[in-house]
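Colleague: Got a structure here, written out as structure tokens. Questions coming.
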Amino acid sequence: DPFDSTGLGIEIYLQSKKSKRWLKSVHVGMRTHDDAVRVVKALHGRFVELTIPSLSDTSISSSSCTERCGQEMTTMRVRTGRLFLDFVAPTHRSWEKAKRGQEVVGPRSDCTSTTDDVTVPGLVVIPDFISEDEEATLLAVLTGPTAPWAPSQASMGKIGSGNVRRRVQHYGYVFDYETADVLRDRNDVSRRAGCPPMPAGPRDGEDVEACIDKALRRWDGWGVFAGVIQRTRSHDFGPSIAATTSSTTSTAEVDVGRDNNTHQPVAFADINQATVNEYKPGQGIGSHVDTPSALGDGLLSISLNGGTVMEFRRHGASHRGRDGGRKLVHLPARSLC
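Going by my numbering, the first residue of the sequence shown is number 10, and it counts up by one from there.
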């Protein structure tokens, strides 16, 4: 099957209906995150014909038949209605409830394809910004015994209560979750403003990619971290940002001067702060606005060890509205947003 990379098959959950002409709803269970993403991208909004096992005695499930009666199964062909797929991943709480035998009922996230027509100016996703080897090395050093996890920090009342519940690391400057701003005085002991400096990257004139390769060969995780930061500083985001300047269509309409084949270079050479956030399965962050005084010139994130769906919403737009005020974006592992 083109969507099943494991060879273990796809789970299809059908409603029990007498009519076999079409199915009102179908739940498709994939074995891996990447397989689920491929299904959503390929089949959303399409009609699909399925060939599935069928029992002559419908009172016996396929699993109980296999285990107890050995009844021979045939196949039947069914045609779905137009599919509108939801991408749903089990959360940490769901797993815990399932272990205890509790029914798992909760909200379902919308499919990213429901907001395909929405364009957010300046929002860019670059897949595979780092390699698998770079990702593995970064994970090893950032979660290893020398990782500088920050002390527990208070959070804003609108974001949460008490302290930040996830582990974080700060480099260059501490990001203060209570004020949603950076602590610019790194010598302020009372506010725990001290943190490690930004990792020292390749010097001027040195080849960034060669330095990263050298650090990989030496299993120098901090060297890889420094190199990836320098790669980000030197990357030209101009072409990608230019493709998002139209806020009314999904196709960019760019006027960057007399020559439409050129673009204005956009780089963030002065990146001087980094925060590492550790999210457990099912853990996320509340809706918020990043402080312009601290992050007004741009905010970059790299996803490690798994992808996620992030929701961007225009200030004042409805949480579930269909007015073009929200955008659901899948951020694959190793991508830069």
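Ideal Cβ placement from N, Cα and C applies to all residues, glycine included.
All values reported here derive from a predicted model rather than from experimental measurement.
#1: On the DSSP letters alone, give me the boundaries of the beta strand (DSSP E) that Phe321 sits inside.
#2: Buried or exposed: where does Pro208 fall if 16 or more other Cβ atoms within 10 Å of its Cβ makes it buried?
#3: How many angstroms separate the CA atom of Thr241 from the CA atom of Leu345?
#4: In whole angstroms, what is the alpha-carbon distance linking Pro205 and Val129?
#5: To the nearest angstrom, report how far apart Leu17 and His179 are at their CA atoms.
#6: With a Cβ-Cβ cutoff of 8 Å, do Leu253 and Gly131 count as a contact?
#7: Counting pairs of Cβ atoms below 8 Å between the segment 215-228 and the segment 315-325, do you hit three or more?
#8: In or out: Gly230 buried (at least 16 other Cβ within 10 Å) or exposed?
#9: With a 10 Å radius around its C-beta and 16 neighbouring C-beta atoms as the bar for buried, classify Gly325 as buried or exposed.
#10: Which of the three DSSP states is assigned to Val127 in this structure?
#11: Less than 8 Å separating the beta-carbons of Ser4 and Tyr186?
#12: Here's the rule I'm using: 16 or more other beta-carbon atoms within 10 Å means buried, otherwise exposed. How should His339 be labelled?
#13: Tell me which same chain residues have a C-beta within less than 6 Å of the C-beta of Ser65, skipping the five on either side of it?
#14: Hey, how far is the Cα of Phe184 from the Cα of Val57?
#15: For His244 and Leu59, what's the separation of their Cα atoms in angstroms?
#16: Which residue's Cα is closest to the Cα of Thr311: Glu20, Asp137 and Ala45?
#17: Hey, could you find the ends of the alpha helix (DSSP H) Leu304 is sitting in?
#18: Given a cut-off of 8 Å, decide if Val217 and Val285 are closer than it, judged by their beta-carbon atoms.
#19: Among the residues of its own chain, which have a CB less than 6 Å from the CB of Arg343, if the five just before and after it don't count?
#20: From the DSSP output, read off the bridge partner residues of Leu340.
#21: Can you tell me which of the three DSSP states Leu132 falls into?
#22: If we call anything under 8 Å between Cβ atoms a contact, is Pro211 one with Gln239?
#23: The alpha helix (DSSP H) that contains Thr241, what's its start and end?
#24: Using only the alpha-carbon positions, how far apart do Trp228 and Ile280 sit?
#25: Using C-beta distances below 6 Å, list every residue in its chain close to Pro341, excluding the 5 sequence neighbours before and after it, in chain order.
#26: Could you tell me how far apart the beta carbons of Pro248 and Arg201 are, in whole angstroms, since I believe they sit closer than 8 Å?
#27: Just grab the DSSP bridge partners of Arg86 for me.
#28: Below 8 Å between beta carbons: does that hold for Phe246 and Val134?
#29: For Ile221, write down the residues that DSSP places opposite it in a beta bridge.
#30: Which residue or residues does DSSP assign as beta-bridge partners of Leu345?
#31: Please work out which residues of its chain come closer than 8 Å, Cβ to Cβ, to Leu309, disregarding the five sequence neighbours upstream and downstream, and give them in chain order.
#32: If you check the beta carbons only, do Val336 and Val127 fall under 8 Å apart?
#33: Would you decide whether Ala251 is buried or exposed? Buried here means 16 or more other CB atoms lie within 10 Å of its CB.
#34: Which class does Ser70 belong to by DSSP, given the choice of helix, strand or coil?
Modeller: On the basis of the supplied data:
#1: As a working mapping, residue 321 is identified with position 312 in the sequence shown. Start and end: Thr317 to Arg322.
#2: Here residue 208 refers to the residue found at position 199 of the sequence shown. Buried, since its Cβ has 16 or more Cβ neighbours within 10 Å.
#3: Looking up residue 241 in the sequence shown gives position 232. Looking up residue 345 in the sequence shown gives position 336. So the alpha carbons of these two residues sit roughly 9 Å apart.
#4: The residue you call residue 205 lines up with position 196 of the sequence shown. The residue you call residue 129 lines up with position 120 of the sequence shown. Val129 has its alpha-carbon roughly 34 Å from the corresponding atom of Pro205.
#5: Reading the sequence shown from its first residue, position 8 is the one you call residue 17. Reading the sequence shown from its first residue, position 170 is the one you call residue 179. Looking at the two C-alpha atoms, the distance is approximately 42 Å.
#6: One-based indexing of the sequence shown puts residue 253 at position 244. One-based indexing of the sequence shown puts residue 131 at position 122. Checking the sequence shown, residue 253 turns out to be Thr, not Leu. Closer than 8 Å, so yes.
#7: no
#8: For the purposes of this step, residue 230 is taken as the residue at position 221 of the sequence shown. With 16 or more Cβ atoms within 10 Å of its Cβ, Gly230 is classed as buried.
#9: The count along the sequence shown starts at 1 and reaches residue 325 at position 316. Its Cβ having fewer than 16 others within 10 Å, Gly325 is exposed.
#10: As a first step, residue 127 must be located in the sequence shown, where it is residue number 118. Reduced to three states, the DSSP call for Val127 is coil.
#11: The question about residue 4 has no answer here: the residues shown for the chain are numbered 10 through 346.
#12: Looking up residue 339 in the sequence shown gives position 330. It counts as buried.
#13: Stepping through the sequence shown from its first residue, residue 65 is reached at position 56. With a pLDDT of 49 at Ser65, under the threshold of 50, the modelled position of that residue is not reliable, and no figure is offered here.
#14: Taking the first residue of the sequence shown as position 1, residue 184 is located at position 175. Taking the first residue of the sequence shown as position 1, residue 57 is located at position 48. Answer to the nearest angstrom: the Cα atoms are 49 Å apart.
#15: Numbered from its first residue, the sequence shown carries residue 244 at position 235. Numbered from its first residue, the sequence shown carries residue 59 at position 50. Each residue's alpha carbon lies about 45 Å from the other.
#16: For the purposes of this step, residue 311 is identified with residue 302 of the sequence shown, where counting begins at 1. Checking the sequence, you will find Ile at residue 311 rather than Thr. Selected option, being the one with the closest Cα: Asp137.
#17: Within the sequence shown, numbered from 1, the residue matching residue 304 stands at position 295. Unbroken alpha helix (DSSP H) run through Leu304: Pro301 to Leu304.
#18: Within the sequence shown, the letter at position 276 stands for residue 285. Within the sequence shown, the letter at position 208 stands for residue 217. Taking 8 Å as the Cβ cut-off, Val285 and Val217 do not qualify as a contacting pair.
#19: In the sequence shown, the residue the question calls residue 343 occupies position 334. Within the same chain, Arg343 has close Cβ partners Asp137, Ile139 and Glu144.
#20: As a working mapping, residue 340 is identified with position 331 in the sequence shown. In DSSP, Leu340 forms a bridge with Thr317.
#21: Residue numbering aside, residue 132 sits at position 123 when the sequence shown is read from its first letter. Of the three classes helix, strand and coil, the one that applies to Leu132 here is coil, per DSSP.
#22: Translated into the one-based positions of the sequence shown, residue 211 becomes position 202. Translated into the one-based positions of the sequence shown, residue 239 becomes position 230. In contact: Pro211 and Gln239 (Cβ atoms closer than 8 Å).
#23: Within the sequence shown, residue 241 is the residue found at index 232, counting from 1. According to the DSSP assignment, Thr241 belongs to the alpha helix (DSSP H) that extends over Gly230 to Ser243.
#24: What you label residue 228 is simply residue 219 of the sequence shown in a count that begins at 1. What you label residue 280 is simply residue 271 of the sequence shown in a count that begins at 1. The alpha-carbon atoms of Trp228 and Ile280 are separated by roughly 25 Å.
#25: Start at 1 with the first residue of the sequence shown, and residue 341 comes out as number 332. Result list for Pro341: Pro136 and Gly316, in chain order.
#26: Translated into the one-based positions of the sequence shown, residue 248 becomes position 239. Translated into the one-based positions of the sequence shown, residue 201 becomes position 192. The pair is not a contact, with the Cβ atoms about 41 Å apart (cut-off 8 Å).
#27: In the sequence shown, counting from the first residue as 1, residue 86 sits at position 77. DSSP output for Arg86 lists Thr60 as bridge partner(s).
#28: Working through the sequence shown from its first residue, we reach residue 246 at position 237. Working through the sequence shown from its first residue, we reach residue 134 at position 125. No, Cβ-Cβ distance for Phe246 and Val134 is not below 8 Å.
#29: Against the sequence shown, residue 221 aligns to sequence position 212. Paired residue(s): none; Ile221 is not in a bridge.
#30: By 1-based counting over the sequence shown, the position of residue 345 is 336. Note: Leu345 is bridge-paired with Ile135 and Ile311 in the DSSP secondary-structure output.
#31: Position 300 of the sequence shown, counting from 1, holds the residue named residue 309. These residues qualify, in order along the chain: Thr241, Phe277, Ile280, Leu345 and Cys346.
#32: Here residue 336 refers to the residue found at position 327 when the sequence shown is read from its first residue. Here residue 127 refers to the residue found at position 118 when the sequence shown is read from its first residue. Note on identity: in this sequence residue 336 is Lys, with Val being the wrong assignment. Contact flag set, yes.
#33: Your numbering for residue 251 matches position 242 in the sequence shown. With 16 or more other Cβ atoms within 10 Å, it is buried.
#34: The residue you call residue 70 lines up with position 61 of the sequence shown. Only weak support is given to the placement of Ser70: the predicted model assigns it a pLDDT of 41, under 50, and the value that follows is read from those uncertain coordinates. Here Ser70 sits in coil by DSSP.
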